[in-house]
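Below: one structure, written as structure tokens.
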Amino acid sequence: MEVENIECTNNGDSSFLLFDSGENHNRININNINVKNSISNGSFIKIKGDSNVININNSSINNIKSYGPIIENISKKSDINITNINFYDNKNVNKYKCGNIQFSKDLNVIIENSIFSNNYCKSNGGAICINDIKNIGLQLSSNIFYNNTAANGGALYLTDGKMIDEEEENNRKIIMNNNTLYYNKAENFGGGIYSECSKLYLSSTTTKNTIIYNKAGIIGGGLYSPSNVNKTTFNIEKWSIKNNTVNSQIDNIGSKPSFITLDTKLPTYNKNNEITVTTGDKISLKFVLHDEYGNRFIDTTNYYSSLILKLSLQKIMVNSEGKNENDYYIIEDNNGVYNNKQFKLMGNSCILNN
93 MEVENIECTN NGDSSFLLFD SGENHNRINI NNINVKNSIS NGSFIKIKGD SNVININNSS
153 INNIKSYGPI IENISKKSDI NITNINFYDN KNVNKYKCGN IQFSKDLNVI IENSIFSNNY
213 CKSNGGAICI NDIKNIGLQL SSNIFYNNTA ANGGALYLTD GKMIDEEEEN NRKIIMNNNT
273 LYYNKAENFG GGIYSECSKL YLSSTTTKNT IIYNKAGIIG GGLYSPSNVN KTTFNIEKWS
333 IKNNTVNSQI DNIGSKPSFI TLDTKLPTYN KNNEITVTTG DKISLKFVLH DEYGNRFIDT
393 TNYYSSLILK LSLQKIMVNS EGKNENDYYI IEDNNGVYNN KQFKLMGNSC ILNN
């Protein structure tokens, strides 16, 4: 079926296709269609209802401009199967609705053997946004994401809603194999992927994925997760993530700033690395900021220029022999005692300068 030059531009939120499965479990099949050169005041294809199955196969969707996702699913529970589609040159110009394809809530999603290229989203998720996740099974296999652009997550954007039962959650598989993400761009974070989905660590299989030549404006040229990266990112040990950049500097993966290490060379003239400071003197210590992945944090855009590191001295009252050491201190930072390297400061008064 050919669909071309459709204009859904009446007042209000207009769509070319609205499927409402209602309270019953229903199915929609979109197969062998070619949709192109159309515009819409709202999401071009909108799907809602309590429970449904969505199949989109062997189709091409291109050059659609909509004020919302090209395909939006706001159903409470969905099984989604997308196979062999060519999705390109589409634009979602609504900055309040993410993705050119958007899914949410309780999901089982399979996307395979498809190409997503040259799509633009004014919000997050240049190709696909999966947000407000309550429960998710996800399989992405043998797909290409090329030259997609968004505010965050140039190709993919994933973020939690209110998660449901943990035991049920563990029964869902998360698989990502043989996907290629290249030349995607995020204005802010995550040129290839932006993730705040807290169940991605449950992924059973994630191999042979390539994230290359993607760009971000602030952090995470290839992949970005703000925090809790041990839960919110896929197992990337067998991925190829390289040549992704922020401001022409290599920046493959990143998170928010997380911890510091001491970068000042300590004196070696005594075995305990003790620094003696006379009252009124100053001592200069240099620290290095890292993200949760352990990468040295380089803020090329000065996005965190107002970040303040607060350090204080904590007196050590008892040594290993049980004796008082009233003139010994250790450094404590915002997150607690800093003990990356063993060192002490001696003196009744110390001032730390960055």
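If you're matching positions, the sequence shown starts at 93 in the numbering used here and goes up one per residue. Just so it is clear, CB atoms sit at the ideal spot from N, CA and C, and this is done for glycine as well.
Assigned secondary structure, residue i (DSSP; H/G/I helix, E/B strand, else coil)
i	result
N126	strand
Y188	coil
Y305	coil
Y275	coil
Y159	coil
D257	Residue placement at D257 cannot be trusted, given a pLDDT of 48 that sits under 50; what the coordinates show is reported in the next sentence. Reduced to three states, the DSSP call for D257 is coil.
N416	Below a pLDDT of 50, predicted positions are generally treated as unreliable, and N416, at 48, falls in that range; the measurement from the model is reported next regardless. N416: strand per DSSP, three-state reduction.
Limits of the unbroken alpha helix (DSSP H) element including residue i
i	result
N491	Residue 491 lies beyond the residue range present for the chain, which begins at 93 and ends at 446; the question has no answer from this structure.
Length of the line joining the Cα atoms of residue i and residue j
i	j	result
S450	I390	Beyond the ends of the chain as shown, which are 93 and 446, falls residue 450; an answer cannot be given.
N322	G160	32 Å
T241	I304	15 Å
L399	N184	34 Å
N301	T393	29 Å
N173	N216	22 Å
E94	N126	5 Å
K334	T370	49 Å
S170	N123	18 Å
F136	G386	43 Å
N336	I310	12 Å
I177	K277	22 Å
T175	N149	5 Å
N121	S151	11 Å
K374	F195	57 Å
G134	S158	6 Å
S234	S113	30 Å
I328	N344	12 Å
G312	E96	38 Å
K187	G372	55 Å
K330	F111	40 Å
F326	A243	21 Å
For residue i, the nearest candidate out of the options (CA to CA)
i	options	result
N192	W331, I310, L381 and F237	F237
S106	N239, I342 and S130	S130
N227	S167, S209 and D181	S167
K138	F108, S152, S151 and N149	F108
T298	N320, N270 and I310	N270
L211	P349, I153, L377 and G346	Per the sequence shown, residue 211 should be read as Asn rather than Leu. Nearest option by C-alpha distance: I153.
N118	N147, T101, K189 and N133	N147
N339	N121, Q231, G283 and F379	G283
D181	V201, I202, N155 and E164	N155
D383	I98, I203 and L315	L315
R264	I328, K291 and G312	K291
F179	I220, V145 and D142	I220
K140	I163, K128 and D252	I163
T101	K128, S132, E115 and L381	S132
C213	I203, L403 and C190	C190
N165	T272, F326 and I225	I225
L403	G253, L377, Y275 and F111	L377
S143	L273, D198 and I203	D198
S317	N200, E288, S397 and L401	E288
T349	G372, V380, K357 and L230	According to the sequence shown, residue 349 is Pro rather than Thr. Residue V380 is the option with its Cα nearest to P349.
I352	L401, Q341 and N320	L401
S209	T251, T325 and Y275	Y275
L232	M268, L248 and L250	M268
Delimiting residues of the beta strand (DSSP E) encompassing residue i
i	result
L109	L109 to D112
A242	T241 to N244
S170	K169 to Y180
I228	I220 to S233
F351	P349 to L354
F208	I207 to S209
F237	I236 to Y238
F195	I193 to E204
K214	K214 -> no beta strand (DSSP E), and no H or E assigned at all.
E96	E94 to E96
L250	L248 to D252
E329	Note, E329: premise wrong, no beta strand (DSSP E); not H, not E.
N269	I266 to N269
S287	I285 to E288
K140	I137 to K140
T297	T297 to T299
Residue i CB to nearest heavy atom of the ligand ZN below 7 Å
i	result
S106	What this structure holds is no ligand at all, so the ligand ZN is not there to describe.
Q) In chain order, which beta strand (DSSP E) runs of at least 3 residues are fully inside the region 368 to 404? A) 379 to 383
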